[in-house]
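Counting in my numbering, the sequence shown tops out at residue 210, every number present.
A short write-up of the structure that comes next.
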Amino acid sequence: MNILNQKPPIYDKAKAAFGDLSGMVFCYGDVIYFPDGKEPKLPADVIVHEAVHSAQQEELGPMGWWKKYLNDPEFRFRQELQAYQEQYQYCCAIVKDRNERARIAHRLAADLSGPAYGRIVDGVKALTLIKEKP
Numbered sequence: 077m078n079i080l081n082q083k084p085p086i087y088d089k090a091k092a093a094f095g096d097l098s099g100m101v102f103c104y105g106d107v108i109y110f111p112d113g114k115e116p117k118l119p120a121d122v123i124v125h126e127a128v129h130s131a132q133q134e135e136l137g138p139m140g141w142w143k144k145y146l147n148d149p150e151f152r153f154r155q156e157l158q159a160y161q162e163q164y165q166y167c168c169a170i171v172k173d174r175n176e177r178a179r180i181a182h183r184l185a186a187d188l189s190g191p192a193y194g195r196i197v198d199g200v201k202a203l204t205l206i207k208e209k210p
């Protein structure tokens, strides 16, 4: 996947839907967009997460996927849950310390249940679901 330090084609629509997009990355097709104006150095687990979104976009095309993602909270939840599950599994494959794995799971659950996705799930449920194998 290519990583570009610029706004994705759907940036204005995402901003209208979610407000503050500071620190967020976006997948549009096979490109990860990092619009914050900083050098794009993304951790490998974030790239895994975005690669899931790239694969998800194949059926509807990037624009169709984003349209549904922005307008359908249940669709957005399913797409994000799958990406977070894959991200967590990737982390578990390289991190053997159970305490560190727990910290990672809690961080991912906080992200999934947070304002960036419209608080589409509560934190406890997000934690439980992320730990399930996809």
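Beta carbons are placed, not taken as given, at the ideal position from N, Cα and C, and that holds for glycine.
The structure displayed is predicted, hence computed values, not measured ones.
Where the alpha helix (DSSP H) containing residue i begins and where it ends
i, result
"Asn175", "174-188"
"Ala202", "199-207"
Unbroken beta strand (DSSP E) run spanning residue i, endpoints
i, result
"Asn78", "78-80"
Residues near residue i in its chain [Cβ-Cβ closer than 8 Å; skip 5 each side]
i, result
"Tyr87", "Leu97, Phe102, Tyr109, Pro111"
"Asp106", "Met77, Asn78, Ser130"
"Phe151", "Lys144, Tyr145"
"Gly99", "Asp112"
"Tyr104", "Pro84, Pro85, Ile86, Gln133, Pro138, Trp142"
"Gln165", "Lys209, Pro210"
Whole-angstrom distance between residue j and residue i, CA atom to CA atom
i, j, result
"Gln158", "Lys144", "16 Å"
"Ile123", "Leu80", "13 Å"
"Ala186", "Ala202", "8 Å"
"Ala90", "Pro210", "26 Å"
"Lys207", "Lys117", "26 Å"
"Ala93", "Leu136", "20 Å"
"Val200", "Arg179", "14 Å"
"Arg174", "His182", "12 Å"
"Ala192", "Gly95", "8 Å"
Neighbourhood of residue i by C-beta distance below 6 Å, restricted to the same chain and skipping five residues each side
i, result
"Gln133", "Trp141"
"Tyr160", "Leu184, Leu188, Ile206"
"His125", "Ala159, Gln163"
Cut-off 7 Å between Cβ atoms - residues of its own chain near residue i, not counting five sequence neighbours on either side
i, result
"Leu205", "Leu157"
"Cys168", "Arg177"
"Pro149", "Gly194, Ile196"
"Phe153", "Ile196, Val197"
"Ala127", "Met77"
"Val171", "Arg177, Ile180"
Residue i CB to nearest heavy atom of the ligand ZN below 7 Å
i, result
"Gln155", "With respect to the ligand ZN, the structure shown offers nothing to examine, as it has no ligands at all."
> Along the chain, which unbroken stretches of the beta strand (DSSP E) at least 3 residues long are found entirely within the segment 80-161?
Replying inline: You should have 102-104, 107-109.
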